[in-house]
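Chains S and C supply the protein sequences, listed in that same order. Sequential numbering of the first sequence, starting at 33, is according to my numbering. Sequential numbering of the second sequence, starting at 33, is according to my numbering. Every residue gets a Cβ at the ideal spot worked out from N, C-alpha and C, and that includes glycine. The structure appears right after this line, and notes come after that.
There are 2 protein chains.
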Amino acid sequence: MIGMTVATLPTSRRSASPRRRAPQIIEATAMVFAERGFHGATTQDIADVLGIRQASLYYYFSSKEAALELVCLRGVEGFFETGKAIAARPESAQKRLSLLISSHLSPMLDRGNFVKVFLNERQHLPTESRRRIGRWSRGLERIFEQVIEEGVAAGEFRAGLDARLVTLAVLGMCNAASSWYLKENKGVPAIAAEFSNLVIDGLAIRPAKRRPSRR
Amino acid sequence: MIGMTVATLPTSRRSASPRRRAPQIIEATAMVFAERGFHGATTQDIADVLGIRQASLYYYFSSKEAALELVCLRGVEGFFETGKAIAARPESAQKRLSLLISSHLSPMLDRGNFVKVFLNERQHLPTESRRRIGRWSRGLERIFEQVIEEGVAAGEFRAGLDARLVTLAVLGMCNAASSWYLKENKGVPAIAAEFSNLVIDGLAIRPAKRRPSRR
DNA sequence: AATTCTATCTATCGACCTATAGAATAAGTC
DNA sequence: GACTTATTCTATAGGTCGATAGATAGAATT
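Right, dumping it as structure tokens:
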């Protein structure tokens with residue numbers, strides 16, 4: 033016990049950090065919201081998962097809606113930034129679209145519940161945070177749309193396609209994965225590869241359709 | 033008066049049919065469920081839309097869950113049958129898949145709310161009816177899957193593709209339309225055409241550089 | 001040892017929501 | 001006009017849920 037100022041380096045915040053269980057609480061919340069939906073889930077359900085009392089949750093969030101906002105934020109965070117970074121790369125539109133699809137799918141692995149809650153329950157956020165989160169969402173749509181348009185302009189993609197509709201198709205396809213990727217036994221890379229192939233090349237076999245005479 | 037057994041044929045049910053407003057009530061229910069979700073909606077909300085008292089709704093359905101079941105049923109009905117009929121046609125897999133996509137999208141027009149509720153809220157049905165409705169759902173998936181596999185077998189579609197994943201992709205893409213088709217200003221035929229093109233041919237331009245390279 | 005901080009608990013309030021019971025009204029029907 | 005059936009109403013029981021207040025136990029700090 034001689035005057036040792038050693039442990040005072042980071043103000044000796046050895047274990048005094050408040051709300052150490054916060055990550056665990058938010059994880060359980062995401063799970064319950066993903067399973068039952070925001071209004072279908074009760075704070076009691078969340079408490080049960082954690083083995084604590086319902087009222088104890090309010091040490092970690094101020095309201096059920098605030099908890100939803102926390103979950104939704106972790107469900108979108110990163111999507112926009114990594115999307116923007118990919119779109120800015122000096123590669124072909126094909127390659128960038130494939131990367132966009134892949135990066136859009138990968139969060140299913142480690143934060144599937146968060147993504148699912150964001151996709152299905154964000155409508156129940158209080159108006160203000162819903163708007164804020166909606167902006168990020170629309171931003172991501174624009175990134176996809178723009179890469180597709182660049183692909184058309186570069187002669188990589190079919191002329192005359194509706195970039196908006198294609199964007200909605202691709203995002204719909206990817207987002208749907210949040211509802212089945214746990215039941216189906218497919219790895220994220222396999223899904224990303226199949227989806228990319230589908231979007232870039234389609235199902236039909238390559239040989240040109242020069243002559244309509246099929247068979 | 034005189035022994036006239038004439039009017040007794042349909043018991044003269046001129047206007048004595050019970051629950052004449054039932055279609056209107058179920059329509060309002062679908063709308064409210066689509067907007068706020070099953071648990072987020074109250075029976076009061078539905079009554080407000082109709083301009084009647086909350087308790088009056090129970091003349092038309094026996095419980096809120098029963099109302100959800102009615103809505104969900106109208107949201108799936110027809111999908112499976114028309115899908116099966118299309119799959120059985122003697123046309124190319126390409127053509128049949130296009131028709132499947134188109135017929136899967138068209139109910140958005142006249143029963144969008146029902147479809148939306150089925151897609152988003154069926155999880156909240158009581159176990160039994162959820163199972164029953166789930167069977168129809170899986171049946172439809174199998175129809176898509178099979179047409180795709182037939183396309184591969186016939187040499188129309190790429191060999192080696194994962195028919196299950198492609199099915200999930202196509203259905204995800206189509207189902208997502210239920211959440212945006214009201215906001216976007218696109219007609220169902222335009223959506224169906226764009227989606228079909230995307231799925232069959234992909235985005236990439238058909239490379240004419242298909243050099244047969246002898247052999 | 002005394003004090004402060006962290007995390008959880010007990011207890012409960014008020015609001016809201018589904019569903020029931022039975023009365024009241026409206027619309028034919030005899 | 002009396003009767004019957006269809007529809008909506010009033011009133012409320014009964015239950016659940018989110019949220020607050022205050023107590024408590026343990027750990028860390030001084």
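Asked: Span of the alpha helix (DSSP H) holding C/Arg170?; Found: 159-185
Asked: Which residue from C/Glu101, C/Lys127, C/Ser228 puts its Cα closest to that of C/Ser161?; Found: C/Glu101
Asked: Going by DSSP, name the residue or residues bridged to C/Phe189.; Found: S/Ala236
Asked: Of the residues C/Ala222, C/Ala125, C/Ser124, C/Arg167, which one's Cα is nearest the Cα of C/Val108?; Found: C/Arg167
Asked: From the beta carbon of S/Ile118, is the nearest beta carbon of chain C less than 8 Å away?; Found: no
Asked: For S/Phe112, which residues of its own chain have a beta-carbon under 6 Å away from its beta-carbon, when the five flanking residues on both sides are left out?; Found: Trp168, Gly171, Leu172
Asked: Just to confirm, is the Cβ distance from C/Leu129 to C/Gly183 under 8 Å?; Found: yes
Asked: Given S/Leu26, which residues of its chain have a CB within under 6 Å of its CB, disregarding the five upstream and five downstream residues?; Found: Since the first residue of chain S shown is 33 and the last is 247, residue 26 of chain S is not available in this structure.
Asked: Would you call S/Ser211 buried or exposed, if buried means 16 or more other Cβ atoms sit within 10 Å of its Cβ?; Found: buried
Asked: I need the straight-line Cα distance from C/Gly204 to S/Ser49, nearest angstrom please.; Found: 43 Å
Asked: For S/Lys215, report the span of its alpha helix (DSSP H) as first-last.; Found: S/Lys215 -> no alpha helix (DSSP H), and no H or E assigned at all.
Asked: Going by other Cβ atoms of all chains shown within 10 Å of its Cβ, with 16 needed for buried, is C/Gln126 buried or exposed?; Found: buried
Asked: When the Cα of S/Arg143 is compared with those of S/Arg51, S/Ala62, S/Arg164, which residue comes out closest?; Found: S/Ala62
Asked: Are the beta-carbon atoms belonging to S/Glu226 and C/Leu193 less than 8 Å from one another?; Found: yes
Asked: Is the separation between the beta-carbon of S/Leu230 and that of C/Val198 shorter than 8 Å?; Found: yes
Asked: With the cut-off set at 8 Å, would you say C/Asp233 and S/Gly234 are in Cβ contact?; Found: yes
Asked: Write down the C-beta distance between C/Ser88 and C/Thr114 rounded to the nearest angstrom, noting that I regard them as a contact closer than 8 Å.; Found: C/Ser88 to C/Thr114, Cβ: 36 Å. No contact.
Asked: Just to confirm, is the Cβ distance from C/Pro55 to C/Glu97 under 8 Å?; Found: no
Asked: Going straight from the alpha carbon of S/Tyr92 to that of S/Val103, what length do you get?; Found: 13 Å
Asked: How close, in whole Å, do the beta carbons of C/Ile237 and S/Arg190 come, if the pair is a contact with beta carbons under 8 Å?; Found: 6 Å
Asked: Can you grab the Cα-Cα spacing for the pair S/Ser11 / S/Thr75, in whole Å?; Found: The requested residue 11 of chain S does not occur in the structure, where chain S is confined to residues 33 to 247.
Asked: Compare the C-beta of C/Ala201 against all C-beta atoms of chain S and say whether one is closer than 8 Å.; Found: yes
Asked: If you measure from the beta carbon of C/His71 to each beta carbon in chain S, is any gap under 8 Å?; Found: yes
Asked: What residues of chain S sit near C/Ile232, judged by a beta carbon separation below 7 Å?; Found: Gly234, Leu235, Ala236
Asked: Label S/Asn217 either buried or exposed according to how many other C-beta atoms from any shown protein chain fall within 10 Å of its C-beta, with 16 as the threshold for buried.; Found: exposed
Asked: Under 9 Å, CB to CB, which of the residues in the region 148-168 of chain C have a partner in chain S?; Found: Asn152, Glu153, Gln155, His156
Asked: Looking at C-alpha atoms only, which residue of S/Ile180, S/Ala79, S/Ser124, S/Gly69 is the closest neighbour of S/Asn145?; Found: S/Gly69
Asked: CB-CB under 7 Å to C/Ala186, same chain, minus the five flanking residues each way: which ones, in chain order?; Found: Ala125
Asked: Here's the rule I'm using: 16 or more other beta-carbon atoms within 10 Å means buried, otherwise exposed. How should C/Lys148 be labelled?; Found: buried
Asked: Determine the contact status of C/Gly72 and S/His71, defining contact as a CB-CB distance below 8 Å.; Found: yes
Asked: Do S/Ala195 and S/Ile180 count as a contact pair if the criterion is CB distance below 8 Å?; Found: yes
Asked: Grab the span of the alpha helix (DSSP H) containing C/Gln155 for me, first residue to last.; Found: Premise fails: C/Gln155 is in no alpha helix (DSSP H) and is neither H nor E.
Asked: Do you know how far the Cα of C/Asn152 is from the Cα of S/Asn152?; Found: 8 Å
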